[in-house]
């Protein structure tokens with residue numbers, strides 16, 4: 239897949255992922271330096287799934303870069319039913335300069351990118367959540383000042399968030415642990431890719447069914463809802479299965495004394511995490527949520543201002559020390 243689009247963390251090199259993080263840090267530090275960077279450009283935002291953070295951060299982000307946003311709900315498009323993905327892509331490429339899509343099947347964003355001659359950004363699919371992963375690792379970088387070698391424990395369902403956390407961790411040399419109940423581990427191809435890439439970067443990817451083992455001496459404890467959108471009918475059954483994987487004070491105490499807690503939100507308090515943890519001084523969930531804005535501004539800037547990623551700039555050389 240061309241880096242003309244932002245569909246998965248897997249599509250980029252470790253250097254390119256570092257470039258995104260470094261640019262996000264620069265934008266966050268001096269936002270006024272970029273307030274005309276995308277002047278006159280428009281981002282079409284296609285939402286098949288609702289969201290607070292994705293909607294607000296892309297909408298505000300493109301405006302802060304000098305551009306415009308256009309919100310498109312299922313009522314306007316109804317992808318694959320009212321209009322084909324091909325027709326939507328061919329229409330939008332003549333009218334706007336970028337497309338963000340938040341949908342269900344990952345194949346939808348891949349097909350949109352295949353047919354559209356403008357950048358396509360994955361705002362979330364059932365397989366992948368790459369914008370979230372960049373925000374996660376920007377937060378970790380801000381607090382820990384380094385990523386390589388850190389133990390990052392994801393505890394819960396092996397879902398799209400777990401996939402992208404594994405992918406980005408493997409790109410950046412982190413030691414990522416994923417603890418799930420039997421039968422709920424990440425997809426095999428995601429595990430295989432993360433393990434293979436981690437070998438090249440000095441990282442590691444470990445799967446376990448023991449949440450205490452994953453949390454032991456961790457630098458970061460991360461969790462997500464037990465039933466994602468579209469799985470509401472499984473919520474009661476999942477709650478019983480996942481209860482031993484709740485991030486509570488007992489589990490969090492297994493991590494390092496300076497460990498942080500992350501959650502991509504929205505959180506179901508009392509299920510995957512207790513109030514004592516998510517509201518504790520160790521919790522950085524709102525810093526993490528804010529960082530969606532900064533990393534997505536970096537993504538839009540790289541894709542919509544340039545045809546491809548520029549990887550020979552001094553900032554990239556500096557980012558190699560992340």
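In this note's numbering, the protein residues as written are 239 to 560. Glycine included, each C-beta is placed from N, C-alpha and C at the ideal position.
**Report entry** Nearest to residue 295 (by Cα), restricted to the options 342, 528 and 433
**Finding:** 528
Query raised in the report: Does the separation of the CB atoms of residue 417 and residue 447 fall below 8 angstroms?
Result: yes
**Report entry** With 16 other Cβ atoms within 10 Å as the buried cut-off, status of residue 375
**Finding:** buried
Query raised in the report: How many Å lie between residue 561 and residue 302 at the Cα?
Result: In the structure as shown, the chain begins at 239 and stops at 560. Residue 561 is therefore absent and cannot be evaluated.
Requested in this report: Verify whether the separation of the beta carbon atoms of residue 247 and residue 409 is less than 8 angstroms.
Outcome: yes
Query - Validate contact between the region 398-414 and the region 368-384 using beta carbons, cut 8 angstroms, 3 pairs - result: yes
Requested in this report: Reducing DSSP to helix, strand and coil, say where residue 388 ends up.
Outcome: coil
Query raised in the report: How far does the beta strand (DSSP E) with residue 501 in it reach, from first residue to last?
Result: 498-501
Query raised in the report: Taking the Cβ atom as the reference point for each residue, do residue 463 and residue 391 lie within a distance shorter than 8 angstroms?
Result: no
Report task. Could you tell me which of 531, 452 and 412 sits nearest to residue 563, measuring between CA atoms? Result -> In the structure as shown, the chain begins at 239 and stops at 560. Residue 563 is therefore absent and cannot be evaluated.
Requested in this report: Find the nearest neighbour of residue 270 within the set 506, 388, 289 and 299, judged by alpha-carbon distance.
Outcome: 299
Query raised in the report: With 16 other CB atoms within 10 Å as the buried threshold, where does residue 397 fall?
Result: buried
Query - Supposed close pair residue 243, residue 357 - CB separation, criterion 8 angstroms - result: 6 angstroms
Requested in this report: Have a look at 335, 424 and 535 and flag the residue whose alpha-carbon is nearest the alpha-carbon of residue 561.
Outcome: The first residue shown for the chain is 239 and the last is 560, placing residue 561 beyond what the model contains.
Query raised in the report: Between residue 381 and residue 498, is the Cβ-Cβ spacing less than 8 angstroms?
Result: yes
Requested in this report: Please confirm if the region 469-487 is in contact with the region 513-524, defined as three or more CB-CB distances below 8 angstroms between the two stretches.
Outcome: yes
Requested in this report: Could you work out which residue in 454, 455, 456 and 479 is closest to residue 465 when comparing CA atoms only?
Outcome: 479
Query raised in the report: Excluding the five sequence neighbours on either side, which residues of its own chain have a C-beta within less than 6 angstroms of the C-beta of residue 368, listed in chain order?
Result: 246, 247, 360 and 402
**Report entry** Buried or exposed (CB count within 10 angstroms, at least 16 for buried), residue 258
**Finding:** buried
Requested in this report: Report the three-state DSSP secondary structure of residue 442 (helix, strand or coil).
Outcome: strand
Query raised in the report: Does DSSP put residue 431 in a helix, a strand or coil?
Result: helix
**Report entry** Through-space distance from residue 461 to residue 545, alpha-carbon basis
**Finding:** With a pLDDT of 46 at residue 545, under the threshold of 50, the predicted position of this residue should be treated as unreliable, though the coordinate-derived value follows. Straight-line Cα distance between these residues: approximately 35 angstroms.
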